[in-house]
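Residue numbers (this note's numbering), protein chains in the order written: chain A, 2 to 106; chain B, 2 to 106.
Okay, so here's the structure we're looking at.
There are 2 protein chains.
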Amino acid sequence: MKRVCFVLRVKQDLVEEYREAHDVWPEMRAALSEAGFRNYSLFMRPDGLIVGYFEAEDPQAALETLGKTEVNARWQKNMARFFSAGSGDLQKGGPEWLEEYFHLP
Amino acid sequence: MKRVCFVLRVKQDLVEEYREAHDVWPEMRAALSEAGFRNYSLFMRPDGLIVGYFEAEDPQAALETLGKTEVNARWQKNMARFFSAGSGDLQKGGPEWLEEYFHLP
Numbered sequence: 002m003k004r005v006c007f008v009l010r011v012k013q014d015l016v017e018e019y020r021e022a023h024d025v026w027p028e029m030r031a032a033l034s035e036a037g038f039r040n041y042s043l044f045m046r047p048d049g050l051i052v053g054y055f056e057a058e059d060p061q062a063a064l065e066t067l068g069k070t071e072v073n074a075r076w077q078k079n080m081a082r083f084f085s086a087g088s089g090d091l092q093k094g095g096p097e098w099l100e101e102y103f104h105l106p
Numbered sequence: 002m003k004r005v006c007f008v009l010r011v012k013q014d015l016v017e018e019y020r021e022a023h024d025v026w027p028e029m030r031a032a033l034s035e036a037g038f039r040n041y042s043l044f045m046r047p048d049g050l051i052v053g054y055f056e057a058e059d060p061q062a063a064l065e066t067l068g069k070t071e072v073n074a075r076w077q078k079n080m081a082r083f084f085s086a087g088s089g090d091l092q093k094g095g096p097e098w099l100e101e102y103f104h105l106p
């Protein structure tokens, strides 16, 4: 399993609304699992900084597989207005990907 | 297991030096494991933003246990100069802790 981390930003005045909207649809959760996302967490700082962490055998393949699903297109369309930079769509380069430099099992 | 995420900042002009210094001592790795840290990763953005992620049965207890070790005191003393805000010592409030709002196993 590879470990992946990204950051992105929600518009500060929409942070509360974003949190409430982030009750992820069961079909979106299923699409993530089917695409290979494991142990996927999203964390937030009150100013709208978001950190995502997930594990996948092949993170790039998982992103591509998810990106081809109809439910992901609907989800991203629904979420786009919350993001100040990029679309929040992991496929479209919205997030910044970080590099792992330490790991302890 | 609880999942924990924090962010902190390395001084931008010391990013390269910090990376090279971050070859964690075996005794520090052992102290982390003994304190209950599991699946602990650190990620970096080129500007010095650092994201930490770990899992622990009781994250607060793990931090407190680590904070009492002699090796941690030595490690933090060695690392303090790299951090622009706080000490980088997880016990002393340097990092900002984020709140998890989504999880997919």
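The beta carbon of each residue, even a glycine, is placed where N, CA and C say it ideally should be.
Using a CB distance cut-off of 7 Å, B:M29 does not count as an interface residue toward chain A.
The shortest CA-to-CA distance from B:K12 to any of B:E101, B:E56 and B:A81 is the one to B:A81. Using a Cβ-Cβ cut-off of 7 Å, A:M45 counts as an interface residue toward chain B, since at least one Cβ of chain B sits closer than that to its own. The beta carbons of B:G49 and B:R10 sit about 5 Å from each other, so the pair counts as a contact at 8 Å. Counting along the chain, B:L50 sits inside the beta strand (DSSP E) bounded by residues L50 to A57.
Straight across, the Cα-Cα distance linking A:G37 with A:E28 is about 14 Å.
Put simply, the CB of A:R4 is near chain B, with a gap under 7 Å to one of its CB atoms. Interface criterion met: the Cβ of B:L99 is under 7 Å from a Cβ in chain A. Assigned with DSSP and collapsed to three states, A:V72 falls in helix. Between A:C6 and B:V5, the CB-CB gap reaches or exceeds 7 Å. Taking 7 Å as the threshold, the shortest C-beta distance from A:V11 to chain B does not fall below it.
Spanning the alpha carbons of B:R75 and B:L105 requires a straight line of approximately 37 Å. For A:L15, the closest C-alpha among the options A:L99, A:F84, A:F44 and A:A63 is that of A:F84.
In the three-state reduction of the DSSP assignment, B:M2 falls in the coil class.
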